Amino acid sequence: MGQDVNIADVSMRFGDFYAARDINVHIEAGEFFSFLGPSGCGKTTLLRLVSGFMDPTKGQIKIGGKDMIGIGSNNRPTAMIFQNLALFPLMTVTQNIGFGLEVRGVPKAERIKKVEELIELVDLRGAGNRKVSELSGGQMQRVAIARALAVSPAVLLLDEPLSALDLKLRHHMRAELRNIQRRTGVTFIYITHDQTEALTMSDRVGVMSIGKLEQVAEPDVVYNNPATAFVASFVGETNRFQGTISGIDGEYAVLNTASGSFSCKNPQHLSQGEEATIFIRPETVFMAEESTASNLLTCGIHNLSFEGAYAVVTIKNEQGQLLTMRLNNDGTAPRVKAGDNVKVTFNRENAFVLKNGDSTSA
Amino acid sequence: MRDFWKNAIRDLGKIGVAYILITVGVWMVFMILIPQLIMLNYSFKPMLALRDIGGPKDVWTLKNYIVFFTNKLHMAIFFKTIWSSIIVTSVALAICYPIAFYLAKVARGATVGLVMLGLVIPYWINELLRLFAWQIILADSGIMNQLLIFLGIIADPINFRAGNGAVVLGMTYAYILFMVFPIYNVMESLDRNQLDAARDLGASWLRIHRKIVIPYAKPGIAVGCTMTFMLAAGTVAAPQLLGSPSSFWFTQVINTNFECANWNQGAAYATLLMLLCIIFMFIMLKIFKVGLKELTQ
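Protein chains in written order, with numbering that gives the first Met the number 0: chain A, 0 to 361; chain B, 0 to 296.
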């Protein structure tokens with residue numbers, strides 16, 4: 000069964016560079032937790048700190064309540080799945096999966112039984128005696144999962160293991176991973192730069208910018224209520240306008256921008272006069288029915304790409320800024336074509352203003 | 000086969016193909032085939048005075064080989080050479096494996112270059128001079144004895160060159176590079192993640208080496224051992240300069256034969272030594288379960 004992981008005040012410095020800075024997060028036992036961030040944000044470093052390949056410069060890592068500092072990776076209740084899988088090329092599938100059991104001195108009969116169970120679990124029947132080099136990408140993936148699960152880890156660490164697979168297989172393996180996680184109850188810590196992967200699989204997501212943990216929350220919360228400008232721009236698509244806050248109305252704020260004044264949510268409780276950016280998701284922008292609506296933008300349709308269930312429409316406002324909107328193909332949206340002039344709007348509940356960060360653009 | 004030549008001519012042009020064929024051909028014929036055949040021919044002929052060559056006494060014979068099997072001393076020296084060369088090879092392997100691993104998987108950046116330089120620098124000096132250096136170090140009043148006396152470990156100087164020790168030491172030193180580089184080359188391509196993965200799965204360092212690193216480095220180890228063994232068995236300088244009568248090397252016997260103008264006997268002994276080295280190579284391949292093809296990679 001899974002154990003909880005507590006990362007407290009953890010910093011990791013390489014020379015002058017902080018790969019991780021003051022990271023605080025508590026990952027529940029049996030949780031599927033993802034660290035999401037651009038490459039180089041320090042998420043792999045964090046994973047290696049949990050696995051014990053190195054110790055942090057500062058801070059504490061506890062697994063199942065036990066302090067892990069100074070304990071090597073071979074003595075931690077974790078198992079890691081590497082980005083390149085790191086299967087042992089000279090061994091068969093069975094030998095790969097059984098490696099962890101063998102080095103732990105598990106008797107042969109028991110070992111064979113356990114390996115068979117795992118081969119069953121990851122759906123690799125009949126491949127036991129094959130060399131790993133003879134396997135397909137998806138099969139190698141399964142061997143890596145089985146090899147890591149063989150040592151009955153309390154925490155499974157996954158370092159972008161799906162990145163080498165083609166799209167279709169990746170979709171399939173996502174569901175598979177989620178499934179295995181539910182069946183085994185092991186705590187999964189998943190590292191990825193792919194937001195869809197993080198959002199679809201995880202119970203909670205930790206979004207990282209360079210060395211910093213920006214937000215930890217459920218996937219829908221991260222998407223709908225991003226805590227910082229970095230999270231808002233990194234997760235999902237957004238339309239953005241920079242401006243100055245000109246008025247406060249309870250939970251809402253009015254932002255003055257070059258493209259007009261917009262009313263939206265003010266989750267950070269910014270006050271009047273602060274420089275900020277408004278974020279509007281493409282799927283919340285819609286055609287205005289009357290020209291008196293608030294949050295109105297007058298635009299020309301720049302480009303239209305029909306995707307079936309929806310159409311992605313690029314529009315250009317009078318200031319020349321491009322925006323994206325997503326029109327659902329549910330019969331309600333009027334037919335438009337490139338060159339048309341339209342008025343679009345959005346509800347103030349669906350947009351939010353956030354303080355300009357150091358790394359707003361992701 | 001036709002396609003092979005067609006493709007070669009298409010890729011390299013007629014001149015290119017001719018150039019490769021001629022250079023390889025010249026090298027094979029003049030550097031390998033002819034010298035070996037001359038030696039082989041010598042070894043099956045009796046030693047004759049100049050006027051008898053081409054005469055009735057100039058016949059093929061196994062006499063030179065039979066001499067070896069009837070000469071107890073030469074046989075003893077032959078087996079002693081094998082044994083000592085195996086010791087040199089083993090000691091070199093024991094020293095070089097950690098060095099190669101350190102260079103390939105532990106050290107990073109400038110350290111690698113520095114250690115490499117350290118390994119290569121002695122080779123800027125001629126082998127003979129290096130052996131002379133060892134002679135000086137191991138002499139009765141040499142640095143080694145002075146150091147041991149100074150440290151109070153011994154009272155009187157040791158004659159290092161009395162036994163086999165000095166020869167084995169000198170050779171191990173001389174051939175370290177030939178052991179380090181083949182192993183290093185193979186180890187370098189080993190994915191570091193595999194070491195981490197094995198460690199992560201609970202393996203001790205000893206087991207990681209036994210299960211992951213050594214199996215992977217096998218071709219390199221086989222090459223290193225073969226080269227070191229051949230160099231050790233085939234050298235004449237080290238035993239000559241560092242040896243004593245009790246550490247007589249088989250190459251010295253061959254050398255003496257040639258110097259005493261019994262080229263035929265010398266050629267037969269040289270052939271035996273060559274056979275030994277070939278056999279050793281195949282034993283190595285067998286032990287490490289490496290194919291000839293992998294060996295040359």
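No residue lacks a Cβ here, since even glycine has one placed at the ideal position from N, Cα and C. Computed from a predicted model, the values in this text were never measured in an experiment.
Residue-level contact to chain B via CB, residue i, 9 Å cutoff
i: R347(A); result: no
i: T359(A); result: In this prediction, T359(A) scores a pLDDT of 42, lower than 50, which makes its location untrustworthy; no coordinate-derived value is stated.
i: R110(A); result: no
i: Q138(A); result: no
i: F32(A); result: no
i: V150(A); result: yes
i: Q2(A); result: no
i: A228(A); result: no
i: S50(A); result: yes
i: N83(A); result: yes
i: M79(A); result: yes
i: F87(A); result: yes
i: A147(A); result: yes
Nearest-angstrom Cβ-Cβ length linking residue i and residue j, presumed shorter than 8 Å
i: V352(A); j: M324(A); result: V352(A) to M324(A), Cβ: 19 Å. No contact.
i: Y189(A); j: L148(A); result: Not really, about 15 Å apart at Cβ, beyond 8 Å.
i: E236(A); j: P281(A); result: 5 Å
i: P160(A); j: N224(A); result: That pair is no contact at about 29 Å.
i: I300(A); j: V311(A); result: 11 Å between Cβ atoms; not a contact.
i: G381(A); j: F81(A); result: Residue 381(A) cannot be examined here, being either before or after the span of chain A that is shown, 0 to 361.
i: L271(B); j: F67(B); result: 6 Å
i: V131(A); j: L86(A); result: 5 Å
i: T186(A); j: G29(A); result: 6 Å
Min CB distance residue i to chain A below 9 Å
i: K285(B); result: no
i: A138(B); result: no
i: A202(B); result: yes
i: L11(B); result: no
i: M280(B); result: no
Contact check, residue i vs residue j, beta carbons under 9 Å
i: I135(B); j: L147(B); result: no
i: E109(A); j: L100(A); result: yes
i: R347(A); j: S262(A); result: yes
i: D155(B); j: N73(A); result: no
i: A237(B); j: L130(B); result: yes
i: A269(B); j: M170(B); result: no
i: F43(B); j: N63(B); result: yes
i: C40(A); j: M200(A); result: no
i: G242(B); j: R107(B); result: no
i: G265(B); j: Y41(B); result: yes
i: G64(A); j: N23(A); result: no
i: K210(B); j: F287(B); result: no
i: G201(B); j: R103(A); result: yes
N-terminal and C-terminal residue of the beta strand (DSSP E) that residue i is part of
i: E101(A); result: No beta strand (DSSP E) holds E101(A); the alpha helix (DSSP H) holding it covers 92-102.
i: C263(A); result: 259-264
i: D8(A); result: 4-13
i: C298(A); result: 296-305
i: H25(A); result: 16-26
i: S245(A); result: 238-248
i: E282(A); result: Where E282(A) is concerned, there is no enclosing beta strand (DSSP E), given that its DSSP letter is neither H nor E.
i: D57(B); result: Taken as a continuous stretch (DSSP letters only), D57(B) belongs to no beta strand (DSSP E), as it is neither H nor E.
For residue i, the first and last residue of its enclosing alpha helix (DSSP H)
i: M200(A); result: 194-200
i: H170(A); result: 166-183
i: D10(B); result: 1-25
i: V142(A); result: 136-149
i: Q59(A); result: Taken as a continuous stretch (DSSP letters only), Q59(A) belongs to no alpha helix (DSSP H), being part of the beta strand (DSSP E) at 57-62.
i: D219(A); result: 218-223
i: S232(A); result: 228-233
i: E126(B); result: 126-137
i: K44(B); result: Unbroken run through K44(B): none, as it is neither H nor E.
**OP:** Identify each residue in the segment 184-200 of chain B for which the Cβ-Cβ distance to at least one residue of chain A is less than 9 Å, and report them in chain order.
**Re:** D190, R191, N192, Q193, L194, D195, A196, A197, R198, D199, L200
Original post:
Relative to chain A, which residues along the segment 204-223 of chain B have a C-beta separation below 7 Å, given in chain order?
Top reply: R206, I211, P214, Y215
Original post:
Between the segment 90-124 of chain A and chain B, which residues of the former have a C-beta closer than 7 Å to a C-beta of the latter?
Top reply: F98, G99, V102, R103
Original post:
Taking Cβ-Cβ distances below 9 Å as the criterion, which residues of the segment 52-74 of chain A are in contact with chain B?
Top reply: F52, G71, S72, N73, N74
**OP:** Name, going along the chain, the residues of the segment 5-35 of chain A whose beta-carbon falls closer than 8 Å to a beta-carbon of chain B.
**Re:** none
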